[in-house]
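The listed protein sequences correspond, in order, to chains B and X.
With the working numbering as the guide, the letters of the first sequence map in order to residues 941 to 1087.
With the working numbering as the guide, the letters of the second sequence map in order to residues 126 to 765.
Glycine included, each C-beta is placed from N, C-alpha and C at the ideal position.
Below you'll find the structure, written out as structure tokens, and then a few comments.
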Amino acid sequence: MTPKQRRRVAFVAALVIASAGGAALVLSALKDNVLYFYSPSDVQSKHVQPGVAFRIGGLVATHSVHRGENAGVTFTVTDGAAAVPVTYHGVLPALFREGQGVVALGALNDSGAFAASEVLAKHDEKYMPPEVVDALKRSGRWKEGAQ
Amino acid sequence: MTGEIGQLALCLALALSLVMAVSGIAGARNGAASAQAIASGAANGLFVFIALAFGALTYASIVSDFSLLNVAQNSHTLKPLIYKISGVWGNHEGSMLLWVLVLAVYSAAISWSRRGSSQLTSAALGVQGILAIAFLVFILLTSNPFLRLDPAPFEGNGLNPLLQDFGLAVHPPMLYCGYVGLSASFAYAAAALITKERDWARAARPFMLVAWIALTLGIALGSWWAYYDLGWGGFWFWDPVENASLMPWLVATALLHSALATERTGAFRSWTLLLAIAAFSLSLIGTFLVRSGVLSSVHSFANDPERGVFILAMIVGAIGGALGLFAWRAPSLEGGTSFEPASRETALLLNNVFLVASTATVFVGTLYPLALDAMTGTKISVGPPFFAITFAPIFIALLLLVPFGPRLGWRRGDLAAALRTLAPAVGIALVTTFAILTFTSPHTLAGAGAFGVAAWLIAASAIDLRARGLKTLQAGALASALAHAGLGVTLMGVAGTTLWKSEALEELGPGETMSVAGYTLRFDGVKAAQGPNYDAARATITVLSGGREIAVMHPEKRIFPAEGQDTIQTAIRTTIVSDLYLALGDQRDKGRWIVRAYVNPLAPLIWLGALVMALGGFAALWSRLRVSRTAGAAVPAPAE
């Protein structure tokens, strides 16, 4: 082999090894570290097990927000067809309102309520998380332009 | 009137970009000086007209001309002047106009540059012209900021309050200087393929450096803004939009290193071309991700899928065209000298392998959820744990190897000598790791190891400078030492915050206290306060340490009546080695409020490190511009 060919072989070999290593890492990480998104209807129909982390999204049901002891809060997330109670301990995002879209991250507890570890903020008033739009469309509650 | 001037300027700019594309390519093909001169003139004209259009929109925003739809939707008479100006790029149409403005600035700069052959410059201008055509058509057809509104409303809708912030006023222009700056190295790479010019990397280098510096600062500003403005105490969320800016940075970093070898010894010639194409393609993909509405992220603003299709078509055109050109022409650019396994080239090769592999992990983590949703309708998200086990190990491996690069010679280096020189740094790194592991808690090897790697980077940079001799130091050597040490400083900040962060959340009434990491916080109540365009609930919190009052802090909650939104204004007390960070939450009954407090040790180092990296970039830029001015092409490139 000429030095040039040798250099090229070394380069390709290094690239192959690195990408194989990278791919292995990525695949094993993807297997364990993705979060699924479910609408309240999905939560009922898919029988999600307690303790399995996922994201839930929908609208905050009107008159469902109750602020409890020491920064605790409970509310209900609905997509019109189903509703799931949510408990949260922390500071709610500034744009959290009844009747508005919300995405929360957490898992179901044994009593069937969603214990949220994070409640996601929207950036602006016009914006609705795409997952929420989709969940509302599937349950037939989405009106174009009505947000 | 302003609207018509802007509209007309945009149309003339489109005509000029057509002239620039045609005459630029023609001037490169037949070498005619007249065609090249026309391309140069068109580039400068393009800049003038787009600046005029941008100025018109800015003027309309300053004087609150609500007969323009864009101004009516995004501005308000009560908004402070600085946010009337920054509001110009706080919305989709204006930000695309800023994008082409930056493109025009780079085009004009290319036309003034005397670093490449006249053919190369001409072809680069031709490519920039094509990009300008695509973006101007995009603006005029789908995102025109000069659309009229009749009748004009009395008052505008206002700007999203989260964007009414100094950090976010500066962040987008900085990031765009980086994104669009990569168009210049893309244009030079395509120009090299068109003209078969082998020495293109030298001409493109200042543009690469400017783009890299701007990206570094832009990403750091964005992260800093998220830190103090969102009130969550975090600095990086592996959010798809953050990833979209990180990927071009990683590839641009690889490009800077690979181009160094290409320029110096002719090694990796094709690879460097590919990286230049990839870096700009990732910038376009970043634009697509942010502007198409396909993402659900904290950065997602209301937007329009049709624009996404247009940008997607541009990405396919740019990547497809450039790769086609590459396949056709790259073989004729081959050739370079060979190098030994222990050499600067090998170090740069490894740098590139690791940077590209880490980019690939971010790419998969960002785009896999989109692909899965498009194909199966399953919605998933990929969060920090994914990146912690994929990106982090690859990047740490890269950081371990970084200090060897500057210590190895071109073509044939002496690994044993490099190790001997760096031995004290190895010692410092091991001692640091051991000390952190022993004397601090929690005792995690990963955390202590991160500090060890950071110490290794900083110490090795200092040793490198010392070994080169401080008196005879070249700016290029200073550049690499600063950039590499900056990485270490940032890593130290990241590790310190992640490892030792304390957090407390409590509901407090007047006079009540809470404690976090040795501080006692006394809540002295909330008063109403007035801003120019908001009402605020302003808390007074006295910080006590060891029984002594050390500070009074005022976190706020602001209500913007025009926009009907609330924002959190955090209060941060920094001592460089640690941040005390307070955010005011909801009001509960009878003057009781939720207060969230964080102590983030070493957090400021995260952004300080980025600043040091950018200084390294400036040093490299300075050495380049100085060399070209004093001696022209004959002087060998310094050892950046």
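Is the shortest distance between the beta-carbon of residue i and the beta-carbons of chain X less than 7 angstroms?
i	result
Tyr976/B	yes
Arg947/B	yes
Gly1052/B	no
Leu1092/B	Any property of residue 1092/B remains undetermined from this structure, which presents chain B solely from 941 to 1087.
Val983/B	no
Pro980/B	no
Ala1056/B	no
Leu999/B	no
Leu965/B	yes
Ala1034/B	yes
Ala954/B	yes
Ala1075/B	no
Ala958/B	yes
Arg1078/B	no
Asp1064/B	Bear in mind that the predicted position of Asp1064/B carries a pLDDT of just 48, short of 50, making it unreliable; the figure below should be weighed with that in mind. It does: the Cβ of Asp1064/B has a partner Cβ on chain X nearer than 7 angstroms.
I need the boundaries of the alpha helix (DSSP H) containing residue i, first residue and last residue.
i	result
Tyr694/X	First, the residue type needs correcting, since residue 694/X is Gln and not Tyr in the sequence shown. No alpha helix (DSSP H) contains Gln694/X, which is instead part of the beta strand (DSSP E) from 690-694.
Ser1057/B	First-last for Ser1057/B: 1054-1060, but that is the beta strand (DSSP E), not the alpha helix (DSSP H).
Ala353/X	For clarity, residue 353/X is Tyr in the given sequence; the question names Ala instead. Counting along the chain, the alpha helix (DSSP H) containing Tyr353/X begins and ends at 325-354.
Val173/X	158-187
Met639/X	Per DSSP, Met639/X belongs to no alpha helix (DSSP H); it is in the beta strand (DSSP E), 638-641.
Phe413/X	394-416
Is residue j closer than 7 angstroms to residue i when the C-beta atoms are compared?
i	j	result
His296/X	Leu223/X	no
Leu582/X	Gly613/X	yes
Thr232/X	Ala168/X	It should be pointed out that residue 232/X corresponds to Ser in this sequence rather than to Thr. Closer than 7 angstroms, so yes.
Leu318/X	Arg154/X	no
Thr397/X	Ala384/X	yes
Arg749/X	Arg330/X	yes
Ala550/X	Ala585/X	yes
Thr462/X	Leu375/X	no
Thr1014/B	Leu999/B	no
Ala249/X	Ala316/X	yes
So that I know if they touch, is there some Cβ in chain B lying closer than 7 angstroms to that of residue i?
i	result
Ala482/X	yes
Asp691/X	yes
Phe529/X	no
Lys504/X	yes
Pro373/X	no
Phe405/X	no
Ile583/X	no
Ile666/X	no
Val507/X	yes
Val196/X	no
Gly283/X	no
Residues of chain X with CB closer than 9 angstroms to the CB of residue i, please, in chain order.
i	result
Phe1015/B	Those do not exist, as Phe1015/B stays about 13 angstroms from chain X at its closest Cβ, beyond 9 angstroms.
Grab the span of the beta strand (DSSP E) containing residue i for me, first residue to last.
i	result
Ala316/X	Looking at the DSSP string, Ala316/X is not in any beta strand (DSSP E); the run it does join, the alpha helix (DSSP H), is 291-320.
Ala1023/B	1023-1029
Glu631/X	627-633
Pro726/X	717-726
Lys209/X	Looking at the DSSP string, Lys209/X is not in any beta strand (DSSP E); the run it does join, the alpha helix (DSSP H), is 206-211.
Val651/X	644-655
Which bits of chain B does residue i rub up against, with CB to CB less than 8 angstroms?
i	result
Leu630/X	Ala1011, His1029, Gly1030, Val1031
Please list the partners that residue i has in chain X, where partner means a Cβ-to-Cβ separation under 7 angstroms.
i	result
Ala1022/B	Those within 7 angstroms of Ala1022/B in chain X number zero; the least Cβ separation is about 17 angstroms.
Gly962/B	Ala482, Ala485, Thr486, Ile519
Pro943/B	Ser463
Name the chain B residues that come within less than 9 angstroms of residue i, Cβ to Cβ?
i	result
Phe172/X	Within chain B, no residue comes near Phe172/X; the closest Cβ sits about 32 angstroms away, beyond 9 angstroms.
Pro510/X	Ala969, Asp972, Asn973
In chain X, which residues lie with their C-beta within 8 angstroms of the C-beta of residue i?
i	result
Ala1044/B	Those do not exist, as Ala1044/B stays about 12 angstroms from chain X at its closest Cβ, beyond 8 angstroms.
Is it the case that the CB of residue i approaches a heavy atom of the ligand MG more closely than 6 angstroms?
i	result
Thr484/X	Absent from the structure shown: the ligand MG. Ligands present: none.
For residue i, which residues in chain B fall below 7 angstroms Cβ to Cβ?
i	result
Leu474/X	Phe951, Ala954
Ile719/X	Ala1011, Val1031
Ile514/X	Leu965, Ala969
Gly534/X	Simply none; closest approach about 17 angstroms.
Arg713/X	Arg1007
Can you confirm whether the region 513-529 of chain X touches the region 985-992 of chain B when touching is taken to mean that 3 or more C-beta pairs between the two stretches lie within less than 8 angstroms?
The region 985-992 of chain B makes no contact with the region 513-529 of chain X: fewer than 3 CB pairs, one atom from each, lie closer than 8 angstroms.
Would you call the region 529-543 of chain X and the region 470-486 of chain X in contact, with 3 or more CB pairs under 8 angstroms?
Three or more beta-carbon pairs separated by less than 8 angstroms link the region 529-543 of chain X to the region 470-486 of chain X, which places the two stretches in contact.
Hey, is the region 674-688 of chain X in contact with the region 654-664 of chain X, meaning 3+ C-beta pairs nearer than 8 angstroms?
A contact exists between the region 674-688 of chain X and the region 654-664 of chain X.
With a cut-off of 8 angstroms, do at least 3 Cβ pairs link the region 955-964 of chain B to the region 997-1011 of chain B?
The answer is no - the region 997-1011 of chain B does not touch the region 955-964 of chain B, with fewer than three Cβ pairs under 8 angstroms.
Count the CB pairs spanning the region 564-576 of chain X and the region 621-633 of chain X that are closer than 8 angstroms, and state whether there are at least three.
By the criterion of at least three beta-carbon pairs nearer than 8 angstroms, the region 564-576 of chain X is in contact with the region 621-633 of chain X.
At a cut of 8 angstroms, does the region 556-567 of chain X reach the region 496-511 of chain X through at least three beta carbon pairs?
The answer is no - the region 496-511 of chain X does not touch the region 556-567 of chain X, with fewer than three Cβ pairs under 8 angstroms.
Quick test of the definition: if touching needs 3 or more C-beta pairs under 8 angstroms, does the region 958-971 of chain B touch the region 485-494 of chain X?
Yes, they touch.
Assess contact between the region 627-647 of chain X and the region 594-613 of chain X, defined as three or more Cβ pairs (one per stretch) separated by less than 8 angstroms. Is contact present?
No, the region 627-647 of chain X is not in contact with the region 594-613 of chain X.
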